[in-house]
Amino acid sequence: MADFGVLFDLDGLLVDSERVQQLSFNKVLADHGVHLDDEAFSRLVGISTRRNFIALKEQIGFAESVDSIVERKNKAYLELVPHEMRPMPGALALVQSLKTLSIPMAVASSSFRVDVVAPLRAVGLLEYFPRIVAGDEVEHTKPAPDLYLAAAKQVGVHASSCVALEDTQSGLRSAIAAGVPCLVVPNRYTRNHDFAGNSAQVSSLEEVTPEFLRGLLM
0 MADFGVLFDL DGLLVDSERV QQLSFNKVLA DHGVHLDDEA FSRLVGISTR
50 RNFIALKEQI GFAESVDSIV ERKNKAYLEL VPHEMRPMPG ALALVQSLKT
100 LSIPMAVASS SFRVDVVAPL RAVGLLEYFP RIVAGDEVEH TKPAPDLYLA
150 AAKQVGVHAS SCVALEDTQS GLRSAIAAGV PCLVVPNRYT RNHDFAGNSA
200 QVSSLEEVTP EFLRGLLM
């Protein structure tokens, strides 16, 4: 058994999906005369699509049902993924380094499995992650601990001997609740989140090595 495991968030951490999500939100909201700039969209990051559209419907008052606009947004997102998705800086190199060292890895994402697999495939990372725990496979998503507890179980390493990599406050709270030390890597949408309680914080995955991650457990 490996002496530690690495558990990755997906959106905004491994892949630049928040940018693509913003494009898909704006594509469907354009029908209602609404456009979300970076500042407005940043307030939605880390919250489920349905919860966001419930709140937006209350704020904006558009007539379309939440079910309808969520379905249209999800379709728009998956159509954009193959053409617009990019890996976050340093993601490919870090994952490849961990794979070379046979360090077990998993993705723990609140997104549904279809929205996890498609971005990983688009950026060439899917082959590195046979272990995925998605939001439609647990009872409670982040900030509850379910995803990280399930991911630690999949890699076969006790939660306290894993390191989580997160970009949102909600994800950090999930890792802490699961007893998983957490490295925070904010992006342009989440840099103002409250990251109190993290084990370390860096500005990019380009700063992270397997040795750095192992050191967080010492």
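Mind the numbering: the sequence shown is residues 0 to 217 in numbering that gives the first Met the number 0, read in order. Ideal Cβ placement from N, Cα and C applies to all residues, glycine included. Keep in mind that this is a model prediction, so the values were computed, not measured.
Distance, residue j Cα to residue i Cα
{"i": "Leu35", "j": "Val44", "result": "12 Å"}
{"i": "Lys56", "j": "Val207", "result": "40 Å"}
{"i": "Leu91", "j": "Glu63", "result": "40 Å"}
{"i": "Asp135", "j": "Phe111", "result": "5 Å"}
{"i": "Pro185", "j": "Glu17", "result": "12 Å"}
{"i": "Tyr127", "j": "Ala121", "result": "13 Å"}
{"i": "Val52", "j": "Val65", "result": "In the sequence as presented, Val is not what sits at residue 52; that position holds Phe. Approximately 6 Å between the Cα atoms of the pair."}
{"i": "Leu13", "j": "Arg85", "result": "9 Å"}
{"i": "Ala158", "j": "Val106", "result": "14 Å"}
{"i": "Gly170", "j": "Phe61", "result": "30 Å"}
{"i": "Arg50", "j": "Ala177", "result": "23 Å"}
{"i": "His82", "j": "Lys74", "result": "14 Å"}
{"i": "Asp193", "j": "Gln95", "result": "30 Å"}
{"i": "Ala143", "j": "Tyr188", "result": "21 Å"}
{"i": "Arg190", "j": "Asp15", "result": "14 Å"}
{"i": "Asp114", "j": "Gln200", "result": "26 Å"}
{"i": "Asn197", "j": "Ser41", "result": "20 Å"}
{"i": "Phe211", "j": "Gln21", "result": "32 Å"}
{"i": "Ile131", "j": "Ala39", "result": "30 Å"}
Residue i in three-state terms, based on DSSP
{"i": "Pro86", "result": "strand"}
{"i": "Glu138", "result": "coil"}
{"i": "Val65", "result": "helix"}
{"i": "Phe7", "result": "strand"}
{"i": "Ala105", "result": "strand"}
{"i": "Val207", "result": "coil"}
{"i": "Val113", "result": "helix"}
{"i": "Ala133", "result": "coil"}
{"i": "Val14", "result": "strand"}
{"i": "Ala121", "result": "helix"}
{"i": "Ala199", "result": "strand"}
{"i": "Leu91", "result": "helix"}
{"i": "Leu100", "result": "coil"}
Nearest-angstrom Cβ-Cβ length linking residue i and residue j, presumed shorter than 8 Å
{"i": "Ser108", "j": "Asp37", "result": "About 22 Å separates the two Cβ atoms, so there is no contact after all."}
{"i": "Val80", "j": "Ala54", "result": "About 24 Å separates the two Cβ atoms, so there is no contact after all."}
{"i": "Val19", "j": "Tyr76", "result": "6 Å"}
{"i": "Val137", "j": "Ala149", "result": "6 Å"}
{"i": "Pro129", "j": "Glu205", "result": "No, Pro129 and Glu205 are not in contact; Cβ-Cβ is about 25 Å, not under 8 Å."}
Chain-order list of residues whose beta-carbon lies under 7 Å from that of residue i (same chain, five-residue window excluded)
{"i": "Lys72", "result": "Ser23, Phe24, Val27, Thr48"}
{"i": "Ala174", "result": "Tyr147, Ala163, Glu165, Cys181"}
{"i": "Leu97", "result": "Val5, Met104, Pro209"}
{"i": "Arg213", "result": "Phe3"}
{"i": "Leu216", "result": "Phe3, Ser160, Val162, Pro180"}
{"i": "Ile59", "result": "His31, Val33"}
{"i": "Asp145", "result": "Val137, Glu138, His139"}
Own chain residues within Cβ distance below 8 Å of residue i, not counting five before or after
{"i": "Leu125", "result": "Val116, Leu119"}
Residues of its chain near residue i, where Cβ-Cβ distance is below 6 Å and the 5 sequence neighbours each way are ignored
{"i": "Gly4", "result": "Pro103, Val154, Val156, Cys161"}
{"i": "Ser68", "result": "According to the sequence as given, residue 68 is Ile; it is not Ser. If we look at Ile68 and ignore the five residues flanking it on each side, its Cβ neighbours are Val27, Phe52."}
{"i": "Leu100", "result": "Pro209"}
{"i": "Ala195", "result": "none"}
{"i": "Ser203", "result": "Pro88, Gly89"}
Minimum Cβ-Cβ distance from residue i to chain C less than 8 Å
{"i": "His34", "result": "The structure shown contains no chain C, having only a single protein chain."}
Within the segment 137-187, ranges of the alpha helix (DSSP H) (whole runs, at least 4 residues): 145-154, 168-177
Alpha helix (DSSP H) runs wholly inside the segment 22-81, at least 4 long, in chain order: 37-41, 48-59
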